[in-house]
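The structure appears below as C-alpha cells.
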Amino acid sequence: MITMFGNGFQQLEAALSAREQAQRVNASNIANADTPNFHADTRTFADFLAAEQHRRSGVSTATTHAMHFRGNNNGFTMESPFQSSIKTQRMDGNTVDMQKEMARMSENQLMHELTVRLLKGRLNGLANAIKEGSR
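The sequence shown maps to residues 6 to 140 in this note's numbering.
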C-alpha cells in the first residue's frame with residue numbers, strides 16, 4: 006500500500022528503521038560501558054540503511070572475484086569525526102568510549118527527528134492535496 010505514495014515514503018521508512026537500529030546499538034554500547042571485555046558494536050546508520058534497503062529490494066549482490074568491492078563502496082570510506090576505526094581498549098578489555106557513544110547517540114536522535122519531520126511534511130502535503138481535491 007505504501008508504494009502508491011512513491012519511492013520517497015519507502016526511503017524515509019527505511020531511514021527511520023535504520024535510525025532505530027543505530028539507536029539500539031548506541032544504547033547497548035552505553036549500557037555495557039562498565040562490562041569487562043565488552044567490545045563496542047561499531048555498526049553505523051549507513052550499515053543499517055544498506056541492510057534495510059537490501060532487504061526491501063530483495064536484490065542479491067554477488068561478486069565474481071574475491072577482490073571485488075561489495076555494494077556501493079568505491080574503495081574510499083568517509084569517517085565521521087564521531088567514528089574511528091581504531092579501538093581503544095581499557096585495562097579491563099572494554100572498548101566503549103562514552104564520549105563518542107553519547108555524541109553518536111545525540112547525532113542519531115537529531116537525524117531521527119529530522120526524518121520524522123520530513124515524513125510528516127510529506128503526509129501533510131498529501132492531506133492538503135486530498136482536501137483540495139474534494140472541493
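We put the beta carbon where it would ideally sit given N, CA and C, even for glycine. These figures come from a predicted structure and were not determined experimentally.
>> Quick check: alanine 108 and glutamate 57, are their CB atoms within less than 9 Å of each other?
In response: For the purposes of this step, residue 108 is taken as residue 103 along the sequence shown, with counting starting at 1. For the purposes of this step, residue 57 is taken as residue 52 along the sequence shown, with counting starting at 1. Going by C-beta atoms, alanine 108 is not nearer than 9 Å to glutamate 57.
> Do glutamate 118 and asparagine 31 have their C-beta atoms closer together than 9 Å?
Replying inline: The count along the sequence shown starts at 1 and reaches residue 118 at position 113. The count along the sequence shown starts at 1 and reaches residue 31 at position 26. Note that the C-beta distance between glutamate 118 and asparagine 31 is not below 9 Å.
> Which of the three DSSP states, helix, strand or coil, is assigned to glycine 126?
Replying inline: For the purposes of this step, residue 126 is taken as residue 121 along the sequence shown, with counting starting at 1. Assignment of glycine 126 by DSSP, reduced to helix, strand and coil, places it in the helix class.
> In this structure, does DSSP put glycine 13 in helix, strand or coil?
Replying inline: The count along the sequence shown starts at 1 and reaches residue 13 at position 8. In the displayed model, glycine 13 falls within a helix according to three-state DSSP.
> Looking at the unbroken alpha helix (DSSP H) that takes in alanine 38, where does it start and where does it end?
Replying inline: As a working mapping, residue 38 is identified with position 33 in the sequence shown. Counting along the chain, alanine 38 falls outside any alpha helix (DSSP H), and DSSP gives it neither H nor E.
> Just curious, the alpha helix (DSSP H) that serine 62 is in, first and last residue?
Replying inline: Taking the first residue of the sequence shown as 1, we reach residue 62 at position 57. For serine 62, the enclosing alpha helix (DSSP H) covers residues 50-62.
>> Just to confirm my understanding: we take leucine 123, look at its own chain, exclude 5 residues before and 5 after, and list those with CB closer than 7 Å. What are they?
In response: As a first step, residue 123 is located in the sequence shown; it is residue number 118 there, counting from the start. These residues qualify, in order along the chain: Leu17.
> Does DSSP put glycine 80 in a helix, in a strand, or in coil?
Replying inline: As a working mapping, residue 80 is identified with position 75 in the sequence shown. Unreliable placement is indicated for glycine 80, whose pLDDT of 37 sits below 50; no coordinate value is reported for it.
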